[in-house]
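Heads up, the final residue of the sequence shown is numbered 763 in the working numbering, and it's a clean run with no missing numbers. For glycine and all other residues, C-beta sits at the position ideal for the given N, C-alpha and C. Here the structure is a predicted model, which means the values were calculated and not measured. Reading through the structure tokens given below for one structure.
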Amino acid sequence: MLFVPVVSLHNILLSSHYPITKNTKQTNKAKSLETITLSIHPQMCRFCYIYFWICFLCLWCHFTISCCLVITPFSGMGDETLTVAAVQPPLRQENMTPMDASRVAERMMKEALSTQSASLGIDIFVLPELSPFGYSEHTFAKYLPKDPQHSCLSCFNEEVEQLFSKFAREHDVFVCFGTIGSLNTGLSSPKTDDKPHHTIRQVVLDNYGEQVAYYDKIHLCDYGDCAETRFFAAGSELCSFECRGFQVGVIICADIRYPLLSRTLALEHKVDIILQPAAFSRDFSFRTWKSFRETRAVENSLYFIGVNYAGEYFGETSFVGPWVDENNEPDVLDTNADVLIGTARKSVLEKVRKALPYYRQLMSDIL
Numbered sequence: 397m398l399f400v401p402v403v404s405l406h407n408i409l410l411s412s413h414y415p416i417t418k419n420t421k422q423t424n425k426a427k428s429l430e431t432i433t434l435s436i437h438p439q440m441c442r443f444c445y446i447y448f449w450i451c452f453l454c455l456w457c458h459f460t461i462s463c464c465l466v467i468t469p470f471s472g473m474g475d476e477t478l479t480v481a482a483v484q485p486p487l488r489q490e491n492m493t494p495m496d497a498s499r500v501a502e503r504m505m506k507e508a509l510s511t512q513s514a515s516l517g518i519d520i521f522v523l524p525e526l527s528p529f530g531y532s533e534h535t536f537a538k539y540l541p542k543d544p545q546h547s548c549l550s551c552f553n554e555e556v557e558q559l560f561s562k563f564a565r566e567h568d569v570f571v572c573f574g575t576i577g578s579l580n581t582g583l584s585s586p587k588t589d590d591k592p593h594h595t596i597r598q599v600v601l602d603n604y605g606e607q608v609a610y611y612d613k614i615h616l617c618d619y620g621d622c623a624e625t626r627f628f629a630a631g632s633e634l635c636s637f638e639c640r641g642f643q644v645g646v647i648i649c650a651d652i653r654y655p656l657l658s659r660t661l662a663l664e665h666k667v668d669i670i671l672q673p674a675a676f677s678r679d680f681s682f683r684t685w686k687s688f689r690e691t692r693a694v695e696n697s698l699y700f701i702g703v704n705y706a707g708e709y710f711g712e713t714s715f716v717g718p719w720v721d722e723n724n725e726p727d728v729l730d731t732n733a734d735v736l737i738g739t740a741r742k743s744v745l746e747k748v749r750k751a752l753p754y755y756r757q758l759m760s761d762i763l
């Protein structure tokens, strides 16, 4: 709308500074040069000049802002945020109990709270799959004896949950940690048949130390370095919970390879963030983990946090935004024990979902 008057004013300004000359042909008379000079009051010229530059600046500002939104649309500040701390602890050593490993994770969380990057406050801590028990067939055989009456599993589970519950209350944070559960029950309830009944479980405690959700791994892994169906039963229910204005979903490790699970969390549970605690070893399948993380985030327009153990055979805990390109790269840890802190923003989610509504355009009636 501003373009037309600017062009007109520009012509007026030109005519006010320079005389307009034109050649006119007169019939039956000699050619003569007629000079027409446009007279404009000096104050009017000054007003037009100022108005021209005001319009020009308005157009320039509008163009600049539009370009910024197009080139870097997903880096804005938002009012509603959720800061996630992904803890990458070392695997439990053989001479350590699950409680010892829990205290190592607790120390890492306390150190994270004191760092400068956490100055705005961490809202939720996430630990890897089966942390603090660890991940190995030897571990499974040790803590999952066939005779439940001689199992110390329930004692360890209770101690670990009490430790993290106290931490959550004292620091006003949520804690999502790994453990071993049982089908249709609380933690490690006895069962009499020979089929596996323990589950790979992730427990969520709120900032009051109360359990608000748990998830039993649905897709067990039996390839690469994994043999989970020998020891565990599969879960059957999806999990999501509310955390300070954000809807958060939970999947575990191999669940990432099944896109319908993440898509259902996005479409039906309306999650903004998916947490993926994992024990992802560097076997032949490790290379695909990066691609899966980024794909699940982008195709569902949400944040995706993958959490792994430390060590040269593990690592690469990551924080992936809802859009990935050269200006919006995921944050990824190396193999050292560390805590990755990232902030999810509602404003970014809104921009991405408006500009790139992939999951909302799914042709579910055809597919």
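Where does residue i sit, in a helix, a strand or coil, going by DSSP?
i: residue 744; result: helix
i: residue 560; result: helix
i: residue 688; result: helix
i: residue 722; result: coil
i: residue 389; result: Outside the displayed span of the chain (397 to 763) sits residue 389, for which this structure offers no information.
i: residue 612; result: strand
i: residue 450; result: helix
i: residue 576; result: strand
i: residue 493; result: coil
i: residue 638; result: strand
i: residue 753; result: coil
i: residue 647; result: coil
i: residue 521; result: strand
i: residue 569; result: coil
i: residue 526; result: coil
i: residue 652; result: helix
i: residue 661; result: helix
To which residues of the same chain is residue i closer than 6 Å at the C-beta, ignoring the five residues directly before and after it?
i: residue 555; result: 495
i: residue 602; result: 570 and 608
i: residue 703; result: 482, 522, 524, 673 and 713
Between residue i and residue j, how many whole angstroms is the CB-CB distance? I'm expecting something under 8 Å.
i: residue 698; j: residue 652; result: Between residue 652 and residue 698 the Cβ distance is about 13 Å, and since that is not below 8 Å, they are no contact.
i: residue 642; j: residue 481; result: 14 Å between Cβ atoms; not a contact.
i: residue 565; j: residue 605; result: 4 Å
i: residue 735; j: residue 489; result: The pair is not a contact, with the Cβ atoms about 20 Å apart (cut-off 8 Å).
i: residue 833; j: residue 536; result: This structure gives no information on residue 833, because the portion of the chain shown stretches from 397 to 763.
i: residue 557; j: residue 675; result: No, residue 557 and residue 675 are not in contact; Cβ-Cβ is about 20 Å, not under 8 Å.
i: residue 635; j: residue 610; result: 7 Å
i: residue 619; j: residue 681; result: 7 Å
i: residue 486; j: residue 733; result: 5 Å
Among the residues of its own chain, which have a CB less than 8 Å from the CB of residue i, if the five just before and after it don't count?
i: residue 552; result: 493, 494, 495, 529 and 539
i: residue 688; result: 652 and 653
Residues in the same chain with beta-carbon distance under 7 Å from residue i, minus the five sequence neighbours each way, listed in chain order, please.
i: residue 579; result: 593, 595 and 629
i: residue 658; result: 647, 670, 692 and 696
i: residue 731; result: 706, 707, 708, 710 and 711
i: residue 748; result: 470, 697, 718 and 719
i: residue 563; result: 502, 505 and 571
Would you list the residues sitting across from residue i in a DSSP beta bridge?
i: residue 715; result: 701 and 727
i: residue 484; result: 734
i: residue 477; result: 741
i: residue 600; result: 572 and 609
Using CA coordinates, which residue listed in the options is at the minimum distance from residue i?
i: residue 672; options: 755, 521 and 453; result: 521
i: residue 506; options: 549, 622, 560 and 527; result: 560
i: residue 726; options: 733, 686 and 715; result: 715
i: residue 511; options: 737, 497, 557 and 757; result: 737
i: residue 600; options: 680, 567, 733 and 638; result: 638
i: residue 644; options: 748, 503, 572 and 549; result: 572
i: residue 631; options: 622, 598 and 656; result: 598
i: residue 717; options: 478, 450 and 453; result: 478
i: residue 575; options: 527, 563, 613 and 562; result: 527
i: residue 694; options: 729, 666, 752 and 683; result: 752
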